[in-house]
Amino acid sequence: MTKVPLEPAKEARSSISSLVSAKRLEDFFGQKPRLEYPRLSYRSNLITVESERKHGNVWLQLMPLDGWAQLRVQARPFSLLKLDLADISRIHIRKGDVHPSLVFSFNAAQVSELVLYLEPSVMVFWGNDSAGH
Numbered sequence: 001m002t003k004v005p006l007e008p009a010k011e012a013r014s015s016i017s018s019l020v021s022a023k024r025l026e027d028f029f030g031q032k033p034r035l036e037y038p039r040l041s042y043r044s045n046l047i048t049v050e051s052e053r054k055h056g057n058v059w060l061q062l063m064p065l066d067g068w069a070q071l072r073v074q075a076r077p078f079s080l081l082k083l084d085l086a087d088i089s090r091i092h093i094r095k096g097d098v099h100p101s102l103v104f105s106f107n108a109a110q111v112s113e114l115v116l117y118l119e120p121s122v123m124v125f126w127g128n129d130s131a132g133h
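Position 15 of the sequence shown, counting from 1, maps to 15 under this note's numbering, and the rest follow consecutively.
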């Protein structure tokens, strides 16, 4: 029997090409991200991080190789948001003047970035700018 060397698996076309590190995600949320499958690498895993904030709860789950994430935000006293995000190209931390933000970029050029702030309160900004700014 002849052994044929296996080629490394190629990433799916929809995978997240630039992903924030586990350490930076932990620094942002104040909680360590949980990997669903301990034997798989960070990029190949189902990553979940949840943070109880003074102004609300934030729960994020993402699958980098498939390019998707779910974001749930409950800001006190009444706001509730659940987003299923797909076709994500990049997730990174943006250092602001005062507070950092978690930024989701998408493969489709016409879709603007989604920006999550945890301080001074939980805020989500997402909008398509038709003027192209």
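Glycine included, C-beta positions come from ideal geometry on N, C-alpha and C.
Fair warning: this is a prediction, and the values are worked out from it, not measured in the lab.
Asked, Found
"Do you know offhand how far residue 80's Cα is from residue 49's?", "17 Å"
"By Cβ distance, which residues of its chain are closer than 6 Å to residue 105, with the 5 residues on each side in sequence left out?", "89, 90 and 113"
"Where residue 23 and residue 29 are concerned, what is the direct C-alpha to C-alpha distance, given to the nearest angstrom?", "10 Å"
"Per the DSSP calculation, residue 101 is bridged to which residue(s)?", "94 and 117"
"Pick helix, strand or coil for residue 24, following the three-state DSSP scheme.", "helix"
"Assuming residue 74 and residue 56 are in contact, meaning their beta carbons sit under 8 Å apart, how far apart are those beta carbons, in whole angstroms?", "5 Å"
"Under 7 Å, do residue 33 and residue 40 count as touching if we go by C-beta distance?", "no"
"Please report the Cβ distance between residue 85 and residue 68, rounded to the nearest whole angstrom; I am assuming they are in contact, meaning their Cβ atoms lie under 8 Å.", "6 Å"
"Run through the DSSP bridge pairs and tell me what residue 84 is partnered with.", "70"
"Does the beta-carbon of residue 98 have 16 or more other beta-carbons within 10 angstroms, so that it is buried, or is it exposed?", "exposed"
"Which value, in whole angstroms, describes the spacing of the CA atoms of residue 95 and residue 101?", "7 Å"
"Any idea what DSSP makes of residue 29, helix, strand or coil?", "helix"
"Between which residues of its own chain and residue 16 is the CB-CB distance below 7 Å, once the five residues before and five after are set aside?", "64, 67, 88, 89, 90 and 91"
"Nearest-angstrom Cα distance between residue 20 and residue 78?", "30 Å"
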